[in-house]
Amino acid sequence: MGVAAGRDSPAARAAVGPLMLHKSWSVRQRALLAFARLAPVGDAEAVKAIAAKLEDSASGVRSEVPAALVLLVEGARGHPIVVAEVCERLSSRKPWPVRQAAVSALGRTAVGDKQALTAAASLVSDEAKGVREQATIALEALFSSLEVEPPSSVEADVLVVELLTPSITHRDPEVRISGLNALAKLAPMDSCGAFDVAKARLSDSSWSVREKAVFALARISGPKEWGHALEIAGASLEDPNDAVRMAAAQGLILVAEAGGDLEVALGEARCRLDHAAHGVRRAASVALSKLQALQSQMCKQEVNTEEGTCESGSKRAMLLDKVGSGLRMFLKEAKAESVTGATFHSEAGRTFVEDDVGLGLKHFLLEHKRHWGPVCALTVFESDSSRKQTGGPLVAASHGVGVASIFRPPSSPGECAKKEEEEEEEEEEMGLA
252 MGVAAGRDSP
262 AARAAVGPLM
272 LHKSWSVRQR
282 ALLAFARLAP
292 VGDAEAVKAI
302 AAKLEDSASG
312 VRSEVPAALV
322 LLVEGARGHP
332 IVVAEVCERL
342 SSRKPWPVRQ
352 AAVSALGRTA
362 VGDKQALTAA
372 ASLVSDEAKG
382 VREQATIALE
392 ALFSSLEVEP
402 PSSVEADVLV
412 VELLTPSITH
422 RDPEVRISGL
432 NALAKLAPMD
442 SCGAFDVAKA
452 RLSDSSWSVR
462 EKAVFALARI
472 SGPKEWGHAL
482 EIAGASLEDP
492 NDAVRMAAAQ
502 GLILVAEAGG
512 DLEVALGEAR
522 CRLDHAAHGV
532 RRAASVALSK
542 LQALQSQMCK
552 QEVNTEEGTC
562 ESGSKRAMLL
572 DKVGSGLRMF
582 LKEAKAESVT
592 GATFHSEAGR
602 TFVEDDVGLG
612 LKHFLLEHKR
622 HWGPVCALTV
632 FESDSSRKQT
642 GGPLVAASHG
652 VGVASIFRPP
662 SSPGECAKKE
672 EEEEEEEEEM
682 GLA
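Mapping of the sequence shown onto the working numbering: residues 252 to 684, in sequence order.
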(Lines of atoms letter the chains of each structure in order from A and count residues from 1; the text may use other names and numbers.)
(Lines give C-alpha, C1' and ligand atoms only; values in the text may rest on other atoms or scores of the structure.)
Protein backbone atom coordinates (compact mmCIF):
# COMPACT_ATOMS: atom_id res chain seq x y z
CA MET A 1 0.00 0.00 0.00
CA GLY A 2 1.60 3.26 -1.12
CA VAL A 3 0.61 6.62 0.37
CA ALA A 4 1.82 9.78 -1.34
CA ALA A 5 0.01 12.31 0.88
CA GLY A 6 1.61 13.86 3.97
CA ARG A 7 0.44 14.43 7.53
CA ASP A 8 -1.63 17.42 6.45
CA SER A 9 -4.02 15.32 4.38
CA PRO A 10 -7.23 14.50 6.29
CA ALA A 11 -8.65 12.85 3.18
CA ALA A 12 -5.81 10.34 3.09
CA ARG A 13 -6.28 9.51 6.76
CA ALA A 14 -10.00 9.09 6.20
CA ALA A 15 -9.27 6.63 3.40
CA VAL A 16 -6.70 4.60 5.33
CA GLY A 17 -8.49 4.54 8.71
CA PRO A 18 -11.23 2.02 7.78
CA LEU A 19 -8.62 -0.37 6.39
CA MET A 20 -7.28 -0.86 9.91
CA LEU A 21 -10.47 -2.92 10.48
CA HIS A 22 -10.13 -4.99 7.30
CA LYS A 23 -10.73 -8.73 7.58
CA SER A 24 -7.26 -9.49 6.23
CA TRP A 25 -4.55 -9.10 8.88
CA SER A 26 -1.93 -8.17 6.29
CA VAL A 27 -4.11 -5.29 5.08
CA ARG A 28 -4.63 -4.16 8.67
CA GLN A 29 -0.89 -4.30 9.25
CA ARG A 30 -0.03 -2.10 6.27
CA ALA A 31 -2.89 0.29 7.02
CA LEU A 32 -1.61 0.66 10.60
CA LEU A 33 1.83 1.80 9.46
CA ALA A 34 0.37 4.08 6.79
CA PHE A 35 -1.96 5.70 9.28
CA ALA A 36 0.96 6.39 11.64
CA ARG A 37 2.71 8.26 8.84
CA LEU A 38 -0.37 10.29 7.88
CA ALA A 39 -1.69 11.33 11.30
CA PRO A 40 -0.46 14.56 12.93
CA VAL A 41 2.60 14.01 15.16
CA GLY A 42 1.49 12.92 18.63
CA ASP A 43 -2.23 13.28 17.86
CA ALA A 44 -4.20 11.90 20.81
CA GLU A 45 -6.92 10.26 18.73
CA ALA A 46 -4.36 8.66 16.46
CA VAL A 47 -2.45 7.35 19.47
CA LYS A 48 -5.58 5.70 20.85
CA ALA A 49 -6.49 4.21 17.47
CA ILE A 50 -3.02 2.70 17.00
CA ALA A 51 -2.69 1.53 20.62
CA ALA A 52 -6.02 -0.26 20.28
CA LYS A 53 -4.37 -2.56 17.72
CA LEU A 54 -2.31 -4.03 20.58
CA GLU A 55 -5.41 -6.14 21.12
CA ASP A 56 -5.69 -7.23 17.50
CA SER A 57 -6.28 -10.95 16.98
CA ALA A 58 -3.30 -11.27 14.61
CA SER A 59 0.22 -11.35 16.03
CA GLY A 60 1.51 -9.79 12.81
CA VAL A 61 -0.56 -6.68 13.53
CA ARG A 62 0.26 -6.53 17.25
CA SER A 63 3.97 -6.80 16.58
CA GLU A 64 3.88 -3.70 14.34
CA VAL A 65 2.16 -1.46 16.91
CA PRO A 66 5.44 -0.40 18.64
CA ALA A 67 6.90 0.66 15.29
CA ALA A 68 3.70 2.52 14.39
CA LEU A 69 3.74 4.41 17.69
CA VAL A 70 7.38 5.37 17.16
CA LEU A 71 6.46 6.69 13.69
CA LEU A 72 3.56 8.65 15.09
CA VAL A 73 5.67 10.53 17.65
CA GLU A 74 8.71 10.60 15.32
CA GLY A 75 10.92 8.72 17.76
CA ALA A 76 10.23 10.90 20.78
CA ARG A 77 10.23 8.91 24.02
CA GLY A 78 8.00 9.51 26.99
CA HIS A 79 4.90 10.89 25.21
CA PRO A 80 2.38 10.86 28.08
CA ILE A 81 -0.63 9.70 26.05
CA VAL A 82 1.37 6.93 24.38
CA VAL A 83 2.74 5.66 27.71
CA ALA A 84 -0.71 5.80 29.33
CA GLU A 85 -2.38 3.86 26.49
CA VAL A 86 0.34 1.21 26.52
CA CYS A 87 0.36 0.78 30.31
CA GLU A 88 -3.41 0.33 30.26
CA ARG A 89 -2.88 -2.90 28.34
CA LEU A 90 -0.27 -4.31 30.71
CA SER A 91 -3.00 -5.38 33.10
CA SER A 92 -3.21 -9.04 34.02
CA ARG A 93 -6.83 -8.95 32.92
CA LYS A 94 -5.67 -8.77 29.31
CA PRO A 95 -4.68 -11.92 27.39
CA TRP A 96 -0.96 -12.67 27.55
CA PRO A 97 -0.35 -11.89 23.82
CA VAL A 98 -1.70 -8.39 24.48
CA ARG A 99 0.55 -7.96 27.51
CA GLN A 100 3.52 -9.16 25.48
CA ALA A 101 2.89 -6.65 22.70
CA ALA A 102 2.21 -3.87 25.20
CA VAL A 103 5.44 -4.33 27.15
CA SER A 104 7.36 -4.40 23.87
CA ALA A 105 5.76 -1.06 22.96
CA LEU A 106 6.62 0.29 26.42
CA GLY A 107 10.29 -0.51 25.93
CA ARG A 108 10.36 1.41 22.64
CA THR A 109 8.28 4.45 23.54
CA ALA A 110 8.80 5.21 27.26
CA VAL A 111 11.77 6.82 28.94
CA GLY A 112 13.67 5.07 31.71
CA ASP A 113 11.74 6.65 34.55
CA LYS A 114 10.66 4.84 37.69
CA GLN A 115 7.07 4.39 36.51
CA ALA A 116 7.97 2.69 33.26
CA LEU A 117 10.69 0.57 34.87
CA THR A 118 8.34 -0.62 37.58
CA ALA A 119 5.64 -1.47 35.05
CA ALA A 120 8.05 -3.49 32.91
CA ALA A 121 9.68 -5.21 35.90
CA SER A 122 6.29 -6.36 37.16
CA LEU A 123 5.89 -8.42 34.00
CA VAL A 124 9.13 -10.30 34.64
CA SER A 125 6.93 -12.20 37.11
CA ASP A 126 4.21 -12.81 34.53
CA GLU A 127 2.81 -16.32 34.23
CA ALA A 128 3.52 -16.41 30.48
CA LYS A 129 7.12 -17.06 29.44
CA GLY A 130 6.80 -14.94 26.29
CA VAL A 131 5.73 -11.95 28.38
CA ARG A 132 8.62 -12.44 30.82
CA GLU A 133 11.15 -12.59 28.02
CA GLN A 134 9.75 -9.48 26.34
CA ALA A 135 9.71 -7.66 29.68
CA THR A 136 13.44 -8.33 30.10
CA ILE A 137 14.10 -6.91 26.64
CA ALA A 138 11.98 -3.85 27.49
CA LEU A 139 13.90 -3.33 30.73
CA GLU A 140 17.21 -3.39 28.84
CA ALA A 141 15.88 -0.70 26.46
CA LEU A 142 14.58 1.41 29.34
CA PHE A 143 17.81 1.11 31.32
CA SER A 144 19.78 2.30 28.30
CA SER A 145 17.96 5.65 28.64
CA LEU A 146 18.15 5.72 32.43
CA GLU A 147 20.12 8.72 33.62
CA VAL A 148 22.10 7.36 36.55
CA GLU A 149 25.74 8.43 36.80
CA PRO A 150 27.90 6.48 36.77
CA PRO A 151 26.26 3.39 35.19
CA SER A 152 27.79 1.10 37.84
CA SER A 153 26.78 3.33 40.75
CA VAL A 154 25.16 2.19 43.96
CA GLU A 155 21.90 3.81 42.84
CA ALA A 156 21.71 1.59 39.76
CA ASP A 157 22.52 -1.50 41.83
CA VAL A 158 19.80 -0.69 44.35
CA LEU A 159 17.27 0.01 41.61
CA VAL A 160 17.93 -3.28 39.80
CA VAL A 161 17.66 -5.27 43.03
CA GLU A 162 14.47 -3.46 44.00
CA LEU A 163 12.86 -4.12 40.62
CA LEU A 164 13.84 -7.77 40.23
CA THR A 165 13.77 -9.19 43.77
CA PRO A 166 10.03 -10.00 43.54
CA SER A 167 10.56 -12.16 40.47
CA ILE A 168 13.78 -13.76 41.76
CA THR A 169 12.02 -14.82 44.96
CA HIS A 170 8.75 -15.81 43.24
CA ARG A 171 7.17 -19.14 44.13
CA ASP A 172 7.31 -20.31 40.49
CA PRO A 173 10.80 -21.62 39.51
CA GLU A 174 10.29 -20.46 35.93
CA VAL A 175 9.69 -16.91 37.13
CA ARG A 176 12.80 -17.08 39.34
CA ILE A 177 14.79 -18.15 36.27
CA SER A 178 13.47 -15.17 34.29
CA GLY A 179 14.35 -12.86 37.17
CA LEU A 180 17.93 -14.18 37.29
CA ASN A 181 18.27 -13.83 33.52
CA ALA A 182 17.19 -10.20 33.79
CA LEU A 183 19.56 -9.66 36.72
CA ALA A 184 22.53 -11.00 34.74
CA LYS A 185 21.76 -8.58 31.89
CA LEU A 186 20.89 -5.45 33.88
CA ALA A 187 23.01 -5.43 37.04
CA PRO A 188 26.19 -3.32 36.85
CA MET A 189 29.51 -5.06 37.32
CA ASP A 190 30.55 -5.49 40.95
CA SER A 191 26.99 -4.93 42.16
CA CYS A 192 27.10 -6.06 45.78
CA GLY A 193 23.32 -6.15 46.16
CA ALA A 194 22.72 -8.08 42.94
CA PHE A 195 25.58 -10.46 43.76
CA ASP A 196 24.04 -11.30 47.13
CA VAL A 197 20.59 -11.80 45.62
CA ALA A 198 21.94 -14.25 43.04
CA LYS A 199 24.12 -16.02 45.61
CA ALA A 200 21.06 -16.71 47.76
CA ARG A 201 19.62 -18.79 44.90
CA LEU A 202 22.53 -21.27 44.94
CA SER A 203 20.62 -23.31 47.51
CA ASP A 204 17.36 -23.22 45.55
CA SER A 205 15.41 -26.46 45.39
CA SER A 206 15.22 -26.21 41.58
CA TRP A 207 18.38 -27.17 39.71
CA SER A 208 17.37 -24.84 36.84
CA VAL A 209 17.38 -21.90 39.23
CA ARG A 210 20.79 -22.91 40.63
CA GLU A 211 22.13 -23.17 37.10
CA LYS A 212 21.01 -19.62 36.27
CA ALA A 213 22.31 -18.35 39.61
CA VAL A 214 25.82 -19.64 38.90
CA PHE A 215 25.75 -18.05 35.47
CA ALA A 216 24.41 -14.75 36.83
CA LEU A 217 27.13 -14.58 39.49
CA ALA A 218 29.82 -15.04 36.86
CA ARG A 219 28.30 -12.28 34.70
CA ILE A 220 27.77 -9.81 37.56
CA SER A 221 31.13 -10.23 39.28
CA GLY A 222 33.79 -7.59 38.80
CA PRO A 223 37.34 -7.07 40.09
CA LYS A 224 36.12 -6.88 43.69
CA GLU A 225 34.16 -10.14 43.47
CA TRP A 226 36.19 -12.21 41.00
CA GLY A 227 37.88 -14.23 43.74
CA HIS A 228 34.58 -14.93 45.47
CA ALA A 229 32.92 -15.82 42.16
CA LEU A 230 35.67 -18.33 41.35
CA GLU A 231 35.24 -19.99 44.75
CA ILE A 232 31.48 -20.24 44.21
CA ALA A 233 31.88 -21.65 40.71
CA GLY A 234 34.43 -24.18 41.97
CA ALA A 235 32.11 -25.31 44.76
CA SER A 236 29.23 -25.59 42.27
CA LEU A 237 31.28 -28.12 40.29
CA GLU A 238 30.18 -30.52 43.03
CA ASP A 239 26.46 -29.82 42.60
CA PRO A 240 24.31 -32.99 42.33
CA ASN A 241 22.93 -31.87 38.96
CA ASP A 242 25.01 -32.14 35.80
CA ALA A 243 23.58 -28.96 34.23
CA VAL A 244 24.63 -26.95 37.27
CA ARG A 245 28.11 -28.47 37.15
CA MET A 246 28.47 -27.52 33.48
CA ALA A 247 27.27 -24.00 34.30
CA ALA A 248 29.92 -23.84 37.02
CA ALA A 249 32.60 -24.89 34.54
CA GLN A 250 31.43 -22.15 32.20
CA GLY A 251 31.40 -19.72 35.11
CA LEU A 252 35.08 -20.36 35.82
CA ILE A 253 35.86 -19.63 32.21
CA LEU A 254 33.74 -16.45 32.09
CA VAL A 255 35.41 -15.00 35.18
CA ALA A 256 38.88 -15.91 33.92
CA GLU A 257 38.14 -14.33 30.54
CA ALA A 258 36.88 -11.17 32.23
CA GLY A 259 40.17 -10.79 34.10
CA GLY A 260 39.89 -13.06 37.12
CA ASP A 261 42.91 -14.95 38.45
CA LEU A 262 43.48 -17.74 35.94
CA GLU A 263 45.71 -19.65 38.34
CA VAL A 264 42.93 -19.70 40.94
CA ALA A 265 40.43 -20.90 38.32
CA LEU A 266 42.79 -23.69 37.27
CA GLY A 267 43.26 -24.65 40.89
CA GLU A 268 39.50 -24.87 41.48
CA ALA A 269 39.22 -27.30 38.57
CA ARG A 270 42.34 -29.37 39.35
CA CYS A 271 41.48 -30.00 42.99
CA ARG A 272 38.31 -31.80 41.87
CA LEU A 273 39.89 -34.10 39.29
CA ASP A 274 40.18 -36.82 41.97
CA HIS A 275 36.66 -36.39 43.35
CA ALA A 276 34.77 -39.55 44.18
CA ALA A 277 31.84 -38.65 41.90
CA HIS A 278 32.35 -39.25 38.19
CA GLY A 279 30.15 -36.29 37.24
CA VAL A 280 32.27 -33.91 39.31
CA ARG A 281 35.48 -35.22 37.76
CA ARG A 282 34.01 -34.83 34.28
CA ALA A 283 32.89 -31.24 34.90
CA ALA A 284 36.28 -30.38 36.40
CA SER A 285 38.02 -31.94 33.40
CA VAL A 286 35.90 -29.91 30.96
CA ALA A 287 36.66 -26.71 32.86
CA LEU A 288 40.37 -27.50 33.07
CA SER A 289 40.62 -28.24 29.35
CA LYS A 290 38.98 -24.95 28.37
CA LEU A 291 40.97 -22.96 30.93
CA GLN A 292 44.23 -24.41 29.63
CA ALA A 293 43.22 -23.46 26.10
CA LEU A 294 42.52 -19.96 27.37
CA GLN A 295 45.89 -19.93 29.11
CA SER A 296 47.66 -20.92 25.88
CA GLN A 297 45.85 -18.19 23.98
CA MET A 298 46.79 -15.61 26.62
CA CYS A 299 50.44 -16.73 26.51
CA LYS A 300 50.55 -16.24 22.76
CA GLN A 301 48.99 -12.82 23.09
CA GLU A 302 51.51 -11.87 25.76
CA VAL A 303 54.42 -12.99 23.59
CA ASN A 304 53.06 -11.01 20.66
CA THR A 305 52.68 -7.98 22.91
CA GLU A 306 56.30 -8.21 24.02
CA GLU A 307 57.42 -8.49 20.41
CA GLY A 308 55.40 -5.42 19.46
CA THR A 309 53.03 -7.30 17.17
CA CYS A 310 49.93 -7.32 19.40
CA GLU A 311 47.30 -4.86 18.17
CA SER A 312 44.88 -5.39 21.03
CA GLY A 313 43.48 -2.15 22.43
CA SER A 314 43.27 -3.43 26.02
CA LYS A 315 46.35 -4.94 27.67
CA ARG A 316 45.51 -6.88 30.77
CA ALA A 317 47.71 -9.00 32.98
CA MET A 318 48.37 -12.49 31.67
CA LEU A 319 48.36 -14.75 34.70
CA LEU A 320 49.98 -18.17 34.26
CA ASP A 321 50.07 -21.14 36.57
CA LYS A 322 53.31 -22.37 38.15
CA VAL A 323 54.23 -24.66 35.26
CA GLY A 324 53.68 -21.97 32.66
CA SER A 325 55.54 -19.39 34.74
CA GLY A 326 58.46 -21.73 35.24
CA LEU A 327 58.74 -22.54 31.55
CA ARG A 328 58.51 -18.91 30.63
CA MET A 329 61.25 -17.98 33.14
CA PHE A 330 63.47 -20.77 31.83
CA LEU A 331 63.16 -19.51 28.25
CA LYS A 332 63.94 -15.95 29.31
CA GLU A 333 66.99 -17.05 31.30
CA ALA A 334 68.22 -19.26 28.49
CA LYS A 335 67.88 -16.38 26.06
CA ALA A 336 69.71 -14.00 28.42
CA GLU A 337 72.55 -16.41 29.13
CA SER A 338 73.00 -17.79 25.61
CA VAL A 339 75.86 -15.38 24.83
CA THR A 340 77.95 -16.63 27.79
CA GLY A 341 80.46 -19.18 26.56
CA ALA A 342 78.93 -19.10 23.08
CA THR A 343 80.76 -19.70 19.84
CA PHE A 344 80.80 -16.94 17.26
CA HIS A 345 81.21 -17.78 13.60
CA SER A 346 80.53 -16.11 10.29
CA GLU A 347 78.73 -17.44 7.29
CA ALA A 348 77.79 -15.62 4.11
CA GLY A 349 78.81 -12.31 5.63
CA ARG A 350 76.64 -12.77 8.76
CA THR A 351 77.76 -13.46 12.33
CA PHE A 352 76.02 -16.19 14.32
CA VAL A 353 76.07 -16.94 18.03
CA GLU A 354 75.82 -20.59 19.06
CA ASP A 355 75.51 -21.65 22.70
CA ASP A 356 75.97 -25.21 23.97
CA VAL A 357 72.37 -26.15 23.26
CA GLY A 358 72.49 -24.76 19.74
CA LEU A 359 75.73 -26.58 18.97
CA GLY A 360 74.36 -29.76 20.44
CA LEU A 361 71.28 -29.64 18.22
CA LYS A 362 73.44 -28.95 15.19
CA HIS A 363 75.68 -31.94 15.96
CA PHE A 364 72.62 -34.08 16.57
CA LEU A 365 71.27 -33.28 13.11
CA LEU A 366 74.65 -33.96 11.52
CA GLU A 367 74.91 -37.29 13.30
CA HIS A 368 71.36 -38.16 12.27
CA LYS A 369 72.33 -37.64 8.63
CA ARG A 370 75.35 -39.95 9.02
CA HIS A 371 73.44 -42.80 10.68
CA TRP A 372 70.12 -44.16 9.47
CA GLY A 373 67.36 -44.90 11.93
CA PRO A 374 66.56 -43.14 15.22
CA VAL A 375 69.40 -41.50 17.11
CA CYS A 376 69.33 -41.26 20.89
CA ALA A 377 69.07 -37.71 22.18
CA LEU A 378 71.93 -38.32 24.62
CA THR A 379 74.32 -40.60 22.76
CA VAL A 380 75.33 -41.20 19.16
CA PHE A 381 77.42 -43.93 17.58
CA GLU A 382 80.63 -43.11 15.84
CA SER A 383 80.97 -46.33 13.91
CA ASP A 384 78.87 -48.17 11.38
CA SER A 385 80.60 -51.52 11.79
CA SER A 386 78.47 -52.76 14.68
CA ARG A 387 75.31 -51.73 12.86
CA LYS A 388 76.37 -53.93 9.97
CA GLN A 389 76.66 -56.84 12.40
CA THR A 390 73.33 -56.33 14.10
CA GLY A 391 71.42 -55.25 11.03
CA GLY A 392 69.79 -52.24 12.68
CA PRO A 393 70.16 -49.34 15.06
CA LEU A 394 72.66 -49.94 17.82
CA VAL A 395 72.06 -50.08 21.53
CA ALA A 396 75.12 -48.88 23.43
CA ALA A 397 74.39 -50.75 26.62
CA SER A 398 74.05 -54.15 24.93
CA HIS A 399 76.97 -53.88 22.48
CA GLY A 400 79.40 -51.84 24.51
CA VAL A 401 80.27 -49.68 21.53
CA GLY A 402 81.98 -46.38 22.29
CA VAL A 403 79.63 -43.43 22.16
CA ALA A 404 80.03 -39.67 21.94
CA SER A 405 77.82 -36.95 23.33
CA ILE A 406 75.80 -35.02 20.78
CA PHE A 407 77.11 -31.88 22.42
CA ARG A 408 80.54 -32.64 20.91
CA PRO A 409 81.23 -32.51 17.16
CA PRO A 410 80.91 -35.88 15.34
CA SER A 411 84.09 -37.81 14.62
CA SER A 412 85.94 -37.02 11.41
CA PRO A 413 86.05 -39.66 8.62
CA GLY A 414 89.73 -40.40 9.44
CA GLU A 415 88.96 -41.06 13.08
CA CYS A 416 86.08 -43.34 12.14
CA ALA A 417 88.30 -45.37 9.76
CA LYS A 418 91.02 -45.69 12.40
CA LYS A 419 88.54 -46.89 14.97
CA GLU A 420 87.13 -49.48 12.54
CA GLU A 421 90.65 -50.86 11.94
CA GLU A 422 91.22 -51.15 15.68
CA GLU A 423 87.92 -52.99 16.09
CA GLU A 424 88.82 -55.44 13.27
CA GLU A 425 92.23 -56.12 14.89
CA GLU A 426 90.51 -56.82 18.22
CA GLU A 427 88.15 -59.27 16.51
CA GLU A 428 91.05 -61.09 14.83
CA GLU A 429 92.92 -61.39 18.13
CA MET A 430 89.79 -62.79 19.80
CA GLY A 431 89.43 -65.31 16.99
CA LEU A 432 93.04 -66.49 17.34
CA ALA A 433 92.60 -66.81 21.04
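Every residue gets a Cβ at the ideal spot worked out from N, C-alpha and C, and that includes glycine. Predicted model only: the values in this text are computed from it and were never measured.
- Beyond the five residues adjoining it in sequence on each side, A290 comes within less than 7 Å, by CB distance, of R258, R264, A297, L323 in the same chain, given in chain order.
- No Cβ-Cβ contact shorter than 9 Å links L488 with A451.
- Distances from the alpha-carbon of L415 to those of V354, R422, V405, R427 put R427 closest.
- For L357, the enclosing alpha helix (DSSP H) stretches over residues 347 to 360.
- Its Cα nearest to that of P346, the residue A309 stands out among S275, E514, S418, A309.
- For D493, the three-state secondary structure derived from DSSP is helix.
- Here T420 carries a coil assignment [DSSP, helix/strand/coil].
- In the structure shown, E325 adopts coil according to DSSP, grouped into three states.
- With distances taken between CA atoms, F394 lies nearest to T360 out of K380, C338, G381, T360.
- Between the stretch 475 to 493 and the stretch 504 to 523 there are three or more C-beta pairs closer than 8 Å, enough to call the two in contact.
- Look at M440 here: in three-state DSSP terms it is coil, with no helix or strand label.
- Closest by C-alpha distance to K463, out of P424, G485, G293, P491, is P424.
- Our two residues, L374 and V354, have alpha carbons roughly 8 Å apart in a direct line.
- Within the same chain, Cβ atoms closer than 6 Å to the Cβ of S457 are found at P424, the five residues on either side in sequence being excluded.
- In the DSSP annotation of this structure, the continuous segment of the alpha helix (DSSP H) that includes E462 starts and ends at 458 to 471.
- In summary, L542 is buried, with 16 or more beta-carbon neighbours lying within 10 Å of its beta-carbon over all protein chains present.
- Residue state for D525 is assigned as coil, using DSSP reduced to three classes.
- Per DSSP, the continuous alpha helix (DSSP H) segment holding K299 begins and ends at 295 to 302.
- In this structure, the alpha-carbon of N432 lies about 15 Å from that of D455.
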